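Single-structure report; data block below.
Numbering (my numbering), first residue to last: 1216 to 1712.
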């Protein structure tokens, strides 16, 4: 697990580290600058030329200190400062004075194309307005030079909170950041502008970062699957009820059902249209099949419920969902047409046994009565709003899926790829999450783990099939490759049986 911070959270971490713990700011800056300089030296060949481009804030101070370290190591390095020096931070002025004391003056209007590598520290993560004026001109010159760029902390022009491009932004091959990841590193389009993100501690300690960080991401699959017991039976691993698939959407039911089984569920019962019985039982002979008239007794039988994939959002679906919300007593995962039914009929959710909602961006916009561009503008905030409004765990699906729950740290997923943008992928995810929830996992853990492992299975599928040829069935096939970790939990919640 790695922590993810918003801009203010990083500022609070920085302040406590300097003023309460007692690590001097110049020590942090020197360590940060050494990390940037080391990164630059990995990218440039012997005798290669480096240009350091600094802004007038503390981010620029980091960049100028990196220029000094590069010069100490006999690298052919020039530097320039963008902005009004009269308004510069004290750290920037100090680092520039040190360079001048050593006899190094800033370059006058250098041609960026004459350099082998650019190191830019124009803005930090705190950028809050559109880039204009001389800053825009310099950023455009950087990108037009087509030279590789190392970004200090975050590419200039990217919002640290949302990943939004603030008018224009530097396109880096690598970004060196400090303490913890910022949301803008992990959310699109910022994620594409960052290139490789290298995280350096530089003196920030985990207990301080954890205190302020509102988010986290996962980087290792080990320990994510609930343990299997030697002395157990099919009932040990959960009885899952899936209310899925109308007469034209048997595939949604099949994908979700198989995904739950592949995640280790003991029993899966699918309630679907009668016409789907021969299709589902021939494709998945392991499942139990029931028709919608079996809903009442099935609710008593199950340990977990999935409602929605392929149902349609008409009156019949509304009536079934109302029945589940009134009479169900087990955790509920709402996906696809379950969500569309809620937004279409303006239904309220008051379900005390736990709810996970898995909307994509359009479904999320409907749930919030917003335009999709509003949701895209701050996907983390949108996920938090869904969780708050519907008293649920929200899994807001995008290229970087967000999992949100009131009073818990926000999860920002980094696994997965664009080859997963294919019909049925969301049904597989719903089934994977339900499979984990059905085995007794804490619901928030089930959502986080399901999202992450779904992406890893998609990555394995892309390696085999390529992004154009892979389909949802390939994700199912590769679940086996990502579920073989250690029998222990690494997340705050626990799985019980």
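Backbone N, C-alpha and C define an ideal beta-carbon position, used for all residues, glycine too. As the structure is a computational prediction, the values presented were derived from the model and not from experiment.
Cβ neighbour criterion (16 or more within 10 Å) applied to residue 1574: By one-based count along the chain shown, residue 1574 stands at place 359. Classification for residue 1574: buried.
Alpha carbon of residue 1492 to alpha carbon of residue 1688, nearest angstrom: Taking the first residue of the chain shown as position 1, residue 1492 is located at position 277. Taking the first residue of the chain shown as position 1, residue 1688 is located at position 473. So the alpha carbons of these two residues sit roughly 20 Å apart.
CA nearest to the CA of residue 1453, picked from 1287, 1654, 1292, 1461: Residue mapping note: residue 1453 aligns to position 238 of the chain shown, counting from 1. When each option's Cα is compared against that of residue 1453, the closest is 1654.
Reduced DSSP category for residue 1338 - H, G, I as helix; E, B as strand; rest coil: Counting from 1 along the chain shown, the entry for residue 1338 is found at position 123. In the structure shown, residue 1338 sits in coil (DSSP, three-state: anything other than H, G, I, E or B).
C-beta contact flag for residue 1632 and residue 1696 at 7 Å: Translated into positions along the chain shown, residue 1632 becomes position 417. Translated into positions along the chain shown, residue 1696 becomes position 481. Cβ distance not < 7 Å, so residue 1632 and residue 1696 don't count as in contact.
Residue interval of the alpha helix (DSSP H) (run including residue 1541): Taking the first residue of the chain shown as position 1, residue 1541 is located at position 326. Residue 1541 -> alpha helix (DSSP H) spans 1530-1542.
Bounding residues of the alpha helix (DSSP H) (the contiguous stretch that carries residue 1573): As a working mapping, residue 1573 is identified with position 358 in the chain shown. Taken as a continuous stretch (DSSP letters only), residue 1573 belongs to no alpha helix (DSSP H), as it is neither H nor E.
Proximal residues to residue 1469 (C-beta, below 7 Å), its chain only, five neighbours per side dropped: Locating residue 1469 in the chain shown gives position 254, counting from the first residue. Taken in chain order, the residues that qualify are 1495, 1498, 1499.
Exposure of residue 1400, with buried meaning 16 or more beta-carbon neighbours within 10 Å: As a working note, residue 1400 is residue 185 in the chain shown. Its Cβ being crowded by 16 or more others within 10 Å, residue 1400 is buried.
At least three beta-carbon pairs within less than 8 Å, the segment 1607-1615 to the segment 1581-1599: yes
Residue span of the beta strand (DSSP E) that contains residue 1295, given as start and end: Reading the chain shown from its first residue, position 80 is the one you call residue 1295. Its beta strand (DSSP E) spans residues 1291-1296.
Run of the beta strand (DSSP E) containing residue 1455, from where it starts to where it stops: For the purposes of this step, residue 1455 is taken as the residue at position 240 of the chain shown. Run containing residue 1455: 1454-1458, per the beta strand (DSSP E) assignment.
CA nearest to the CA of residue 1430, picked from 1223, 1652, 1676, 1684: The residue given as residue 1430 occupies position 215 in the chain shown. Checking every option, the nearest Cα to that of residue 1430 belongs to 1223.
Rounded separation between residue 1419 and residue 1616 - CA only: Taking the chain shown and counting its residues from 1, the one referred to as residue 1419 is at position 204. Taking the chain shown and counting its residues from 1, the one referred to as residue 1616 is at position 401. Straight-line Cα distance between these residues: approximately 27 Å.
Limits of the unbroken beta strand (DSSP E) element including residue 1587: The residue given as residue 1587 occupies position 372 in the chain shown. It is not in any beta strand (DSSP E) - residue 1587 instead sits in the alpha helix (DSSP H) that spans 1587-1592.
Beta-carbon spacing of residue 1269, residue 1248 below 7 Å: Residue numbering aside, residue 1269 sits at position 54 when the chain shown is read from its first letter. Residue numbering aside, residue 1248 sits at position 33 when the chain shown is read from its first letter. Their beta carbons are not under 7 Å apart, which means residue 1269 does not touch residue 1248 by this criterion.
Counterpart residues of residue 1390 in DSSP-defined beta bridges: By one-based count along the chain shown, residue 1390 stands at place 175. In DSSP, residue 1390 forms a bridge with 1366, 1412.
Cβ-based neighbour list, residue 1700, same chain, cut-off 8 Å, excluding 5 preceding and 5 following: The residue labelled residue 1700 in the question sits at position 485 within the chain shown. The predicted model places residue 1700 with a pLDDT of 47, which falls under 50 and marks its position as unreliable; any figure quoted below should be read in that light. Counting only Cβ-Cβ distances below 8 Å, and skipping sequence neighbours, we find 1436, 1437, 1438, 1439, 1440.
Whole-angstrom C-beta distance between residue 1694 and residue 1478, which should lie under 8 Å: Locating residue 1478 in the chain shown gives position 263, counting from the first residue. Locating residue 1694 in the chain shown gives position 479, counting from the first residue. Rounded, the Cβ-Cβ distance is 7 Å, consistent with contact.
DSSP state of residue 1706 mapped onto helix, strand, coil: In the chain shown, the residue the question calls residue 1706 occupies position 491. In this prediction, residue 1706 has a pLDDT of 48, which is less than 50 and means its spatial position is unreliable; nothing more can be read from the coordinates.
N-terminal and C-terminal residue of the beta strand (DSSP E) that residue 1444 is part of: Along the chain shown, read from residue 1 onward, the residue named residue 1444 stands at position 229. Here residue 1444 belongs to no beta strand (DSSP E), and DSSP marks it neither H nor E.
Euclidean distance between Cα positions of residue 1448 and residue 1552: Your numbering for residue 1448 matches position 233 in the chain shown. Your numbering for residue 1552 matches position 337 in the chain shown. Those two C-alpha atoms are separated by around 33 Å.
Member of 1473, 1370, 1483, 1243 whose CA lies at the smallest distance from the CA of residue 1514: Counting from one through the chain shown, the residue named residue 1514 turns up at place 299. Comparing Cα-Cα distances from residue 1514 to each of 1473, 1370, 1483, 1243, the minimum goes to 1483.
Whole-angstrom distance between residue 1426 and residue 1301, CA atom to CA atom: Translated into the one-based positions of the chain shown, residue 1301 becomes position 86. Translated into the one-based positions of the chain shown, residue 1426 becomes position 211. Residue 1301 and residue 1426: Cα-Cα distance of roughly 36 Å.
Counted within 10 angstroms of its Cβ, other Cβ atoms place residue 1657 as buried (16 or more) or exposed: If you number the chain shown from 1, residue 1657 lands on position 442. Counting Cβ neighbours within 10 Å, residue 1657 comes out buried, since at least 16 surround it.
For residue 1681, three-class secondary structure by DSSP: On the chain shown, position 466 is the one that residue 1681 refers to. Coil.
Exposed unless 16 or more other CB atoms sit within 10 angstroms - verdict on residue 1532: One-based indexing of the chain shown puts residue 1532 at position 317. By the neighbour-count rule (16 or more Cβ atoms within 10 Å), residue 1532 is buried.
Reduced DSSP secondary structure (H/G/I, E/B, other) of residue 1505: The residue you call residue 1505 lines up with position 290 of the chain shown. Residue 1505: strand per DSSP, three-state reduction.
Whole-angstrom distance between residue 1276 and residue 1244, CA atom to CA atom: If you number the chain shown from 1, residue 1244 lands on position 29. If you number the chain shown from 1, residue 1276 lands on position 61. Rounded to the nearest angstrom, the two C-alpha atoms are 8 Å apart.
Contacting residues, own chain, Cβ-Cβ under 7 Å from residue 1340 (five flanking each side not counted): As a first step, residue 1340 is located in the chain shown; it is residue number 125 there, counting from the start. Closer than 7 Å at the Cβ level, and outside the excluded window around residue 1340, lie 1222, 1225, 1368, 1369, 1375, 1397, 1399.
Own chain partners of residue 1327 with C-beta closer than 7 Å, once the 5 adjacent residues on each side are dropped: Along the chain shown, one-based indexing puts residue 1327 at 112. Around residue 1327: 1266, 1333, 1356, 1357, 1360, 1362.
Residue 1705 versus residue 1665: straight-line alpha-carbon distance, rounded: Numbered from 1 along the chain shown, position 490 holds the residue referred to as residue 1705. Numbered from 1 along the chain shown, position 450 holds the residue referred to as residue 1665. Model confidence at residue 1705 stands at a pLDDT of 41, short of 50, so the residue's coordinates are unreliable and nothing is read from them.
Cβ-Cβ distance between residue 1486 and residue 1507 below 7 Å: Taking the first residue of the chain shown as position 1, residue 1486 is located at position 271. Taking the first residue of the chain shown as position 1, residue 1507 is located at position 292. Result yes, Cβ atoms of residue 1486 and residue 1507 sit closer than 7 Å.
Uninterrupted beta strand (DSSP E) stretches inside the segment 1622-1666 (no shorter than 3 residues): 1625-1627
Residue nearest to residue 1461 in terms of C-alpha spacing, selected from 1526, 1423, 1338: If you number the chain shown from 1, residue 1461 lands on position 246. Selected option, being the one with the closest Cα: 1526.
Residues near residue 1423 by beta carbon distance below 8 Å, same chain, minus five either side: By one-based count along the chain shown, residue 1423 stands at place 208. Contacts found: 1228, 1231, 1232, 1236.
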